[in-house]
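Take a look at the structure set out below.
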DNA sequence: ATATAATGCTTGCTCCTGAAAGACAAAAGT
DNA sequence: ACTTTTGTCTTTCAGGAGCAAGCATTATAT
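Chains as they are written, first to last, in this note's numbering: chain A, 1 to 253; chain B, 1 to 253.
This is the structure in structure tokens:
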């Protein structure tokens, strides 16, 4: 592999992941860490990135793609952790819904090595992530592509309602409160998720701790509608009680 | 093999793979590395590529996306030219179908700067390419994701048939013959394209010269069904006559 | 047949990569 | 707060792969 190829790969990885480590790059590219460091050195000089201990991060304020990612990328570590936990609840033979959220995108990465599963999604990013996996049956709802990189609109909703059923659903939202339930700020996404909920047996709500207690304007579902809530740390006691009361199982590990 | 042939091969390979090495080229072309280096030198002067140690990579800004997924595309230069011509037939206000082919993917890149157009496609790669364009209304058919990075299956066909209509359609196929018409090797893609054809007013068939005379097993449409055939160079006279006979307008520039 | 261009070959040189050793920084234990 | 430990970084060097240049050879054209 040629040096510029490698460097391009590094920039790609950086844009995709938000950060890269020397050791991981060395492993994925099959060269020594010294070579990676030299590449990073060059790229830093060319203003392509900023080096850090152990790896590199993007230059501040670069590609809009990144800023878009970054905007959504609050609480990334928590989301990755939740995604990992959620993925461990997917087994061979499952048919699952994934909505269009950052957390389910991370989850898709974790699912890549599973075999004999069917994934139905309205997320362009999940599709792109899983489309190369031969052993995963991947189904997309159609519809209008939103700014959110997802398919929305009446066609999407209708196709879910009429054509797709899953035994598990994994989704996220803007917020959740113990009084109101699960809240969303985007009506279109809300419609999609409601249709998915209606057609799935077992519902997993992926909710990083920042979102607990946060209220948004549209109600997506009530707590009683879901079966599991996966989050990154144990919420306050009142919230835990509310979950127990609504028969929602809390998963934090 | 003549020098210009070799150089065309090199550019093709470059576009296909994202990078080329001197040693591999020398082997595939059956010449020494010196000859390859001289070719690369010329091509670099002509701004066709950038040389590096051990090989060459594309000029910055071109086909960056290709390095991500290796494709088996052939005749890349011709396809890009055809894509460019095709894009010049799209105007503000149009609603167009794009199928899932390499040529329409290149075409999508050319469409990025247009405003007020609606694109309906079953190609994941076209979607990914255009999803960041705020000023393009982008619609996806749903369905099963095929190995071809496209949506296929009955759901796709039904959603096209029932929900989508366009004033122009741009598509490609595996081959075309003056006796039989337009041929496809993939039944699923074939079904999608036929449904798109049925729901569009003006049909543009994008056909690089390699495909003329090539026969495949499934008939997609007859020549009389299309309105325009866009290709990279004027075909042989018999084929041109056949087009004229079927009232198909030939576009080569 | 001769001139011109293209290709192949050889030589010395350059650049890239990987390995090793020491410097440095961050994290953890005392 | 200090030291230890661990991991990362820089520097240096050597081997090897790739390269430019000049010349010999072959192909092509006039």
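Where a beta carbon is used, it is the ideal one built from N, C-alpha and C, also for glycine.
Can you find a C-beta in chain B that's less than 8 Å from the C-beta of residue 314/A? With chain A covering 1 to 253 only, the question about residue 314/A has no answer from this structure.
Residue environment, residue 255/A, which counts as buried when at least 16 other CB atoms sit within 10 Å: Not covered by the structure: residue 255/A. The range shown for chain A is 1 to 253.
Identify the continuous alpha helix (DSSP H) that holds residue 114/A and give its terminal residues. Stepping through the first chain from its first residue, residue 114/A is reached at position 114. Segment: none, residue 114/A is in no alpha helix (DSSP H) and carries neither H nor E.
For residue 36/A, count neighbouring Cβ atoms within 10 angstroms of its own Cβ and tell me buried if that reaches 16, exposed if not. The residue labelled residue 36/A in the question sits at position 36 within the first chain. Residue 36/A comes out buried.
Report the neighbours of residue 266/A on chain B: residues whose CB is nearer than 9 Å to its CB, in chain order. This structure leaves residue 266/A out entirely; chain A is present only between 1 and 253.
Residue of 230/B, 144/B, 102/B, 238/B minimising C-alpha distance to residue 134/A: Within the first chain, numbered from 1, the residue matching residue 134/A stands at position 134. When each option's Cα is compared against that of residue 134/A, the closest is 144/B.
Compute the distance between the beta-carbons of residue 217/A and residue 173/A, then report whether it is under 8 Å. Residue numbering aside, residue 217/A sits at position 217 when the first chain is read from its first letter. Residue numbering aside, residue 173/A sits at position 173 when the first chain is read from its first letter. In this structure, residue 173/A does not lie closer than 8 Å to residue 217/A by Cβ.
Selection of the region 108-133 of chain A by Cβ proximity to chain B, strictly under 7 Å: Taking 7 Å as the upper bound on Cβ-Cβ separation, chain B lies near residues 124, 127, 128, 131 of the region 108-133 of chain A.
At the level of alpha carbons, what is the spacing between residue 112/A and residue 190/A? Indexing the first chain from 1 puts residue 112/A at position 112. Indexing the first chain from 1 puts residue 190/A at position 190. Distance between the alpha carbons of residue 112/A and residue 190/A is about 27 Å.
With a cut-off of 8 Å, do at least 3 Cβ pairs link the region 223-239 of chain A to the region 23-39 of chain B? Taking 8 Å as the limit for Cβ pairs, the verdict is that the region 23-39 of chain B does not touch the region 223-239 of chain A.
Residue 66/A to residue 15/A, Cα distance in whole Å? Here residue 66/A is taken as the residue at index 66 of the first chain, counted from 1. Here residue 15/A is taken as the residue at index 15 of the first chain, counted from 1. Its pLDDT being 37, under 50, residue 66/A is placed unreliably by the model, and the measurement read from it follows with that caveat. Computed Cα separation, rounded: 6 Å.
Quick check: residue 21/B and residue 55/B, are their CB atoms within less than 8 Å of each other? The count along the second chain starts at 1 and reaches residue 21/B at position 21. The count along the second chain starts at 1 and reaches residue 55/B at position 55. Contact flag set, yes.
Does the Cβ-Cβ distance between residue 157/B and residue 192/B come in under 8 Å? Within the second chain, residue 157/B is the residue found at index 157, counting from 1. Within the second chain, residue 192/B is the residue found at index 192, counting from 1. Yes, the pair counts as a contact, with Cβ atoms nearer than the cut-off.
Would residue 2/A and residue 43/A be called neighbours here (beta carbons separated by less than 8 Å)? The count along the first chain starts at 1 and reaches residue 2/A at position 2. The count along the first chain starts at 1 and reaches residue 43/A at position 43. At least 8 Å separates the beta-carbon of residue 2/A from that of residue 43/A.
Where residue 33/A sits in the DSSP three-state scheme: Start at 1 with the first residue of the first chain, and residue 33/A comes out as number 33. Per DSSP, reduced to three states, the secondary structure at residue 33/A is helical.
Closer than 7 Å, Cβ to Cβ, to anything on chain A: give me those residues from the region 149-165 of chain B, in chain order. Residues passing the 7 Å Cβ filter: 149, 151, 155, 159, 163.
Span of the alpha helix (DSSP H) around residue 122/A: Mapped onto the first chain, residue 122/A falls at position 122. That residue, residue 122/A, is in no alpha helix (DSSP H); it is neither H nor E in DSSP.
Mind checking if residue 2/A is an interface residue toward chain B, Cβ cutoff 8 Å exclusive? Here the question's residue 2/A lines up with position 2 in the first chain. Chain B contact via Cβ: present.
Do residue 168/A and residue 96/A have their C-beta atoms within less than 8 Å of each other? One-based indexing of the first chain puts residue 168/A at position 168. One-based indexing of the first chain puts residue 96/A at position 96. Yes.
So, is residue 74/B buried or exposed, given that buried needs 16 or more other C-beta atoms within 10 angstroms? Counting from 1 along the second chain, the entry for residue 74/B is found at position 74. Looking at its Cβ environment, which holds fewer than 16 other Cβ atoms inside 10 Å, residue 74/B is exposed.
Going straight from the alpha carbon of residue 50/B to that of residue 110/B, what length do you get? Counting from one through the second chain, the residue named residue 50/B turns up at place 50. Counting from one through the second chain, the residue named residue 110/B turns up at place 110. Take the alpha-carbon of residue 50/B and the one of residue 110/B: they are about 23 Å apart.
Nearest candidate by alpha-carbon position, reference residue 100/B, set 215/B, 141/B, 166/B: Within the second chain, residue 100/B is the residue found at index 100, counting from 1. Answer by Cα proximity: 141/B.
Quick test of your reading: residue 129/A and residue 108/A, contact by CB under 8 Å. State the CB separation rounded to the nearest angstrom. What you label residue 129/A is simply residue 129 of the first chain in a count that begins at 1. What you label residue 108/A is simply residue 108 of the first chain in a count that begins at 1. Taking a contact as a CB-CB distance under 8 Å, the pair residue 129/A and residue 108/A counts as one, their CB atoms being some 5 Å apart.
For residue 41/B: DSSP bridge partner residues: Locating residue 41/B in the second chain gives position 41, where the first residue counts as 1. The partner list for residue 41/B (beta bridge, DSSP) is empty, contrary to what the question assumes.
Using a C-beta to C-beta distance shorter than 7 Å, which residues of chain A count as neighbours of residue 57/B? Counted from its first residue, the second chain places residue 57/B at position 57. Result: 2, 4, 5.
Per-residue DSSP class, three states only, for residue 249/A: Looking up residue 249/A in the first chain gives position 249. Under the three-state reduction of DSSP, residue 249/A is assigned to strand.
Note down the Cα distance separating residue 81/B from residue 90/B, rounded to an integer number of angstroms. Within the second chain, numbered from 1, the residue matching residue 81/B stands at position 81. Within the second chain, numbered from 1, the residue matching residue 90/B stands at position 90. If I take the Cα positions, the gap works out to 15 Å.
The region 36-53 of chain A: which residues have C-beta closer than 7 Å to a C-beta of chain B, in chain order? Taking 7 Å as the Cβ-Cβ cut-off against chain B, none of the residues of the region 36-53 of chain A qualify.
Out of curiosity, what's the CA-to-CA distance linking residue 7/A and residue 26/A? Position 7 of the first chain holds residue 7/A. Position 26 of the first chain holds residue 26/A. For residue 7/A and residue 26/A, the distance between alpha carbons rounds to 12 Å.
What number of angstroms, rounded off, separates the C-alpha of residue 166/A from the C-alpha of residue 199/A? Taking the first residue of the first chain as 1, we reach residue 166/A at position 166. Taking the first residue of the first chain as 1, we reach residue 199/A at position 199. C-alpha of residue 166/A to C-alpha of residue 199/A: approximately 7 Å in a straight line.
heavy atom of the ligand NAD below 7 Å from residue 6/B C-beta: This structure simply doesn't include the ligand NAD, nor any ligand for that matter.
Considering only residues of the same chain and omitting the five flanking positions on each side of residue 175/A, which have a CB-CB separation below 7 Å? Along the first chain, read from residue 1 onward, the residue named residue 175/A stands at position 175. Answer for residue 175/A: 183, 211, 214, 215, 216, listed in chain order.
Beta-carbon spacing of residue 155/B, residue 154/A below 8 Å: The residue labelled residue 155/B in the question sits at position 155 within the second chain. The residue labelled residue 154/A in the question sits at position 154 within the first chain. No, they are not a contact pair.
Please decide whether residue 78/A counts as near chain B, where near means a Cβ-Cβ distance under 8 Å. Position 78 of the first chain, counting from 1, holds the residue named residue 78/A. Chain B, which has no Cβ nearer than 8 Å to the Cβ of residue 78/A, makes this no.
Cβ separation of residue 131/B and residue 149/A, assumed to be a contact under 8 Å, to the nearest whole Å: Within the second chain, numbered from 1, the residue matching residue 131/B stands at position 131. Within the first chain, numbered from 1, the residue matching residue 149/A stands at position 149. Their Cβ separation, rounded to whole angstroms, is 6 Å, which keeps residue 131/B and residue 149/A in contact under 8 Å.
Is residue 209/B helix, strand or coil by DSSP? As a working note, residue 209/B is residue 209 in the second chain. Residue 209/B falls in the helix class under three-state DSSP.
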